[in-house]
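Since the structure comes first, as structure tokens, the remarks are kept for the end.
2 protein chains.
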Amino acid sequence: MIEDKNQQRTKLSDLGEFGLIDHLTKNFKLNQPSTLKGIGDDAAVLKFDNKKIVVSTDLLVEGVHFDLSYMPLKHLGYKSVMVNLSDVYAMNAVPTQITVSIAVSNRFPLEALEDLYAGIETAAALYNVDVVGGDTTSSNKGLLISVTAIGEVEHEVYRSGAKVNDLLVVSGDLGGAFMGLQVLEREKEVYKVNPNNQPDLEPYTYIIERQLKPEARKDVIQLLKDLDVKPTSMIDISDGLSSEIIHLCKQSNVGCDLYEDKIPLDPQVISTCEEFNIDSTTIALNGGEDYELLFTISQEDFPKIKANPSLSVIGFMKDASAGMHLVTRGDARIPIKAQGWKNFND
Amino acid sequence: MIEDKNQQRTKLSDLGEFGLIDHLTKNFKLNQPSTLKGIGDDAAVLKFDNKKIVVSTDLLVEGVHFDLSYMPLKHLGYKSVMVNLSDVYAMNAVPTQITVSIAVSNRFPLEALEDLYAGIETAAALYNVDVVGGDTTSSNKGLLISVTAIGEVEHEVYRSGAKVNDLLVVSGDLGGAFMGLQVLEREKEVYKVNPNNQPDLEPYTYIIERQLKPEARKDVIQLLKDLDVKPTSMIDISDGLSSEIIHLCKQSNVGCDLYEDKIPLDPQVISTCEEFNIDSTTIALNGGEDYELLFTISQEDFPKIKANPSLSVIGFMKDASAGMHLVTRGDARIPIKAQGWKNFND
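Sequences listed follow chains V and C, in order. Under full-length UniProt numbering, the first residue of the first sequence carries the number 1, and numbering increases by one thereafter. Under full-length UniProt numbering, the first residue of the second sequence carries the number 1, and numbering increases by one thereafter.
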């Protein structure tokens, strides 16, 4: 009951989000024969009898991960499922079940939670996962959603399998979710000043949808299977391209050249970046929440994917000693640094 | 962005915690062949190849489920694991893995989280489960812990299997965790008035430990196996005996006579109830967090358990039309009503 005021205090922001879970669990032992992979990838891999399953979990916190002033609850429910399914797909697995827990303050009426669960139900039906459990409790402030996803996998793909000379490939396009967020934040400020102003969001429909209603790339996993391409490593892009490239390189012990002119950008991302006077490459590198898949393939698989509009080869894996660099349009080589989400900043 | 002020608003407290998850998920379909049991028991049951696994998840919220002014973080970490393992044991399963996610405000230094994870590590080692995943994020206020537990099961036991004429059995003793909480709350008030007062907690060590460091009844599951007793139904006591009896009876479509004089109480619970001038039966019925196992067995199994000090026969299952009653020491019959935790009260 008596607090020691002289205890050592290290701020969480000194460590950063990525380091924290690793730091806290670094001494944890794995003893179960059914555990193939614990902490450190997009999901854990377990093996029961001859079936391998993956397990991934995420928390979404109001005021940190979402703002209900522009995020409809139905979309939030949908997105909270997508965030987790994306991790399952990033293991080359197929999701089968989820559990959904919420902590919610009394300011939310039942009808708000019905909207949230309608979004969860829509996502579960569309991605063919069963909602098999959960917990509901009150919170002192705001809304928090915790989703755990389970999937089946035949050939799991880890972050650690990239080889020198592999090609770096990304699905879809990048930066949209982040720029959608910028537009929504701007309109929120406008709305505060003049609630009668009707914003024209027509020029931003794609990027706003990327922010409010992302889709996990179920189709890409199916596509890779159909094309008979087995990625050597894979991760989903939740924190931004730079940060995910660093994860792949560090865990695979390789380096990487990323080509700026190959990074796929939607025209709406480019035009909105111009409007906001932000460099679109910076956004693609550091904007999060695109939920695209980033993976490496051996060069012999290149012919199988090169014609595909959903996939872009954006880089080349090198020896670890070469480091990780962005090769700019002007042929400059800039070291890749993680920005990602800095949730623990003061 | 524009809130409809005329929307229908049903307060969450009108529905109660038990009704909420059922209400929100009642239309959800189960489509996966690997899903044997979804929402509605202590854990979901999944089947991969020939192995059945169970999955259970719980949220613990600061200010709702715990108070850090008397709950040391190491104990909290330990307890957050126990709460989930208890659900796994209540399915007659053996836990194998857990994931642990936390949302935490910046007021917590790293050292506080290290304490929390030390408790998690101790629990995981003692109960032989691997910590295989998790998420850490910031919160706007306080600490929230979300744990998901996975276990293996050969013969799962549902809440729904109790039969007329079965015996109702409980492990350990009841009411301790709740009375421990009352003592801690009282000492907190004393401390606020006089921080130099050193409380004498010696008379309350057992009940305080029941509150701060509960143990999931791994030993009881092993004992039942050793005794060759297969419970017909089972649930863990997290919300209070009344509420769990109601779950068993409703899901099994049976009634129940519960005998007041058979309810196991520790002498410390009895003496502390006298000191607080509370009826100990009321506490056993409605105090939560004992994490004992409540189960039914067929009468022919009675000889196997009757000599066991860890198990008490406290009741008898009847036809559903007979209802659920507490049979008092004075032979009065009082209908059993759920109290449980009322987290959504205003």
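Ideal Cβ positions, reconstructed from N, Cα and C, are used throughout, including at glycine.
Residue C:Q268 holds the alpha-carbon nearest to the alpha-carbon of D173 (chain C) among C:G40, C:Q268, C:G38, C:E275. Contact between N92 (chain V) and P231 (chain V) is confirmed by a C-beta separation of about 7 Å, below the 8 Å threshold. Here G142 (chain C) is buried: its Cβ has 16 or more other Cβ atoms, across all protein chains shown, within 10 Å. When DSSP states are grouped into helix, strand and coil, G77 (chain C) belongs to the helix group. Interface criterion met: the Cβ of Q32 (chain V) is under 9 Å from a Cβ in chain C.
Its chain contains T57, T99 as the residues whose beta carbon lies nearer than 6 Å to that of T148 (chain V), once the 5 sequence neighbours on both sides are disregarded; these appear in chain order. In terms of CA proximity to F108 (chain V), V:L144 leads the group V:L144, V:K192, V:D49. Secondary structure of L12 (chain C) (DSSP, three-state): helix. The beta carbons of D236 (chain C) and A90 (chain C) sit closer together than 9 Å.
A residue is called buried once 16 or more other Cβ atoms fall within 10 Å of its Cβ, and V190 (chain C), having fewer, is exposed. Against chain C, the CB of F28 (chain V) has a partner CB under 9 Å away; the residue lies at that interface. Contact annotation: I102 (chain C) and G134 (chain V) have beta-carbon atoms that are not nearer than 9 Å. At least 9 Å separates the beta-carbon of A320 (chain C) from that of N277 (chain C).
Within the same chain, T232, S233, S252 come within 7 Å of G161 (chain V) by CB-CB distance, once the 5 residues on both sides are set aside. Considered as a whole, the UniProt domain "PurM-like N-terminal" (40 to 153) of chain C harbours 44 to 48, 51 to 61, 94 to 104, 130 to 133, 136 to 138, 143 to 153 as its complete beta strand (DSSP E) runs of no fewer than 3 residues, in chain order.
Contact between the stretch 193 to 205 of chain V and the stretch 46 to 66 of chain V is absent: fewer than three C-beta pairs spanning the two stretches fall below 8 Å.
At the C-beta level, S280 (chain C) and A338 (chain C) stay beyond 9 Å of one another.
One Cα belongs to L20 (chain V), the other to T136 (chain C), and the distance between them is close to 7 Å. With its beta carbon at least 9 Å from every one in chain C, H247 (chain V) lies outside the interface. A check of alpha carbon separations from Q211 (chain V) across V:L167, V:M82, V:G255 identifies V:M82 as the nearest. For a cut-off of 8 Å, the C-beta gap from G255 (chain C) to A177 (chain C) is around 28 Å, too long to register as a contact. At a cut-off of 9 Å, the C-beta of T96 (chain V) has a neighbouring C-beta in chain C. A Cβ-Cβ separation of about 17 Å leaves S298 (chain V) out of contact with V170 (chain V) under the 8 Å criterion. Neighbours of G134 (chain V) in chain C, taken as residues at a C-beta separation under 8 Å, are given in chain order as I21, T25, I39, T57.
Annotation: the continuous beta strand (DSSP E) that includes I334 (chain C) extends over 333 to 335. By the beta-carbon neighbour count (other beta carbons within 10 angstroms, threshold 16), R329 (chain C) is exposed. Residue environment analysis places F66 (chain C) among the buried positions, since at least 16 neighbouring C-beta atoms fall within 10 angstroms of its C-beta. For I297 (chain V), the pairing in a beta bridge is given by DSSP as V:L167. Here DSSP, grouped into helix, strand and coil, assigns D257 (chain C) to strand. In this structure, E152 (chain V) sits away from I221 (chain V), with a CB-CB distance that is not shorter than 9 Å. Secondary structure of D219 (chain C) (DSSP, three-state): helix. With a cut-off of 8 Å on Cβ pairs, the stretch 67 to 81 of chain V is in contact with the stretch 115 to 129 of chain V, counting three or more such pairs. Note on geometry: alpha-carbon atoms of G180 (chain V) and E260 (chain V) lie some 21 Å from one another. Cβ contact annotation for V229 (chain C) (same chain, cutoff 7 Å, sequence separation greater than five): I297, D301, K304, I305, in chain order.
Shown here, S233 (chain V) sits in a strand according to DSSP, grouped into three states.
At a cut-off of 9 Å between beta carbons, T272 (chain V) makes no contact with chain C.
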